[in-house]
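J.: For what it's worth, the numbering used here labels the leading residue of the sequence shown as 1435, then goes sequentially.
Note that CB positions come from ideal geometry on N, CA and C, so glycine has one too.
Following this message is one structure expressed as structure tokens.
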Amino acid sequence: MTSANDVESVPATAVPADVAEENQVSRRNLIRTAAIAGGVVAAGVGLAACGSNNTSGGSTSSSTGAATTTTDSAATTTGGAAATTTAAAPAGTALGSTSSIPVGGGAIFADQKVVVTQPVAGTFKGFGTTCTHLGCQVNKVADGLIECPCHGSRYSVTDGTVKAGPAPRALPPAKIAVSGTQIVLES
């Protein structure tokens, strides 16, 4: 027979470190679970990066407002704008025909916020439509002047300089190009 002194006593509250009470998680299990979850997330991110659709040598597409221009891989880029190595049409938004811009006058393209003028035959200029006085939009081109309806500012169709009114400075230039008989607002 064994006596009470022969048996090693174990306190009744001792629980192995990885076993917790009901509805509780041990620190070891929590860390192990977090490490596994982190590994799964990292593996998913790595697989997503491997599945990238990035290809080289194909064609690129550049979108500006309502117009989209596609250029082949021979295109070079400068400041984010695509420039083709061929004599293709300029990238940008088609505004209208050169025949729609009267000599000594101009036309306003409100949606694109640009006014195009033809001060002399065959010379086309582009300007922003926002008046430099208080930000109204110019609305008329007549008699060699671009007119603002708000406070009477008037600008030259030749260079956008102030000819009358409270405007403090010229209209800002807009980058346009002529391709054949088409006027394009460059992007």
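Tell me, please, which residues DSSP counts as bridged to A1576.
T.: Answer is L1579.
J.: Where P1553 and V1591 are concerned, what is the direct C-alpha to C-alpha distance, given to the nearest angstrom?
T.: Distance between the alpha carbons of P1553 and V1591 is about 6 Å.
J.: So what does DSSP say about T1564, is it helix, strand or coil?
T.: Strand, per DSSP.
J.: Evaluate A1379 with the Cβ neighbour count: other Cβ atoms within 10 Å of its Cβ, from every protein chain shown; 16 or more gives buried, anything less gives exposed.
T.: Outside the shown range of the chain (1435 to 1621) lies residue 1379, about which nothing can therefore be said.
J.: Could you compute how far the alpha carbon of A1576 sits from the alpha carbon of E1620?
T.: Their backbone Cα atoms lie some 25 Å apart in a straight line.
J.: Report yes or no: do the stretch 1528-1536 and the stretch 1583-1590 share at least 3 C-beta pairs separated by less than 8 Å?
T.: These segments do not touch.
J.: Rounded to the nearest angstrom, what separates V1548 and V1572 at their Cα positions?
T.: Their backbone Cα atoms lie some 9 Å apart in a straight line.
J.: When we look at the beta-carbon of T1566 and count the other beta-carbons within 10 Å, is it buried (16 or more) or exposed?
T.: Per the 10 Å Cβ criterion, buried.
J.: For A1555, is the classification buried or exposed, using 16 other Cβ atoms within 10 angstroms of its Cβ as the cut-off for buried?
T.: Label assigned to A1555: exposed.
J.: Tell me the rounded alpha-carbon separation between G1540 and C1570.
T.: Their Cα atoms are separated by approximately 18 Å.
J.: Out of curiosity, what's the CA-to-CA distance linking F1558 and T1551?
T.: Distance between the alpha carbons of F1558 and T1551: 6 Å.
J.: Count the other CB atoms, across all protein chains shown, that sit within 10 Å of the CB of G1560; report buried if there are 16 or more and exposed otherwise.
T.: Looking at its Cβ environment, which holds 16 or more other Cβ atoms inside 10 Å, G1560 is buried.
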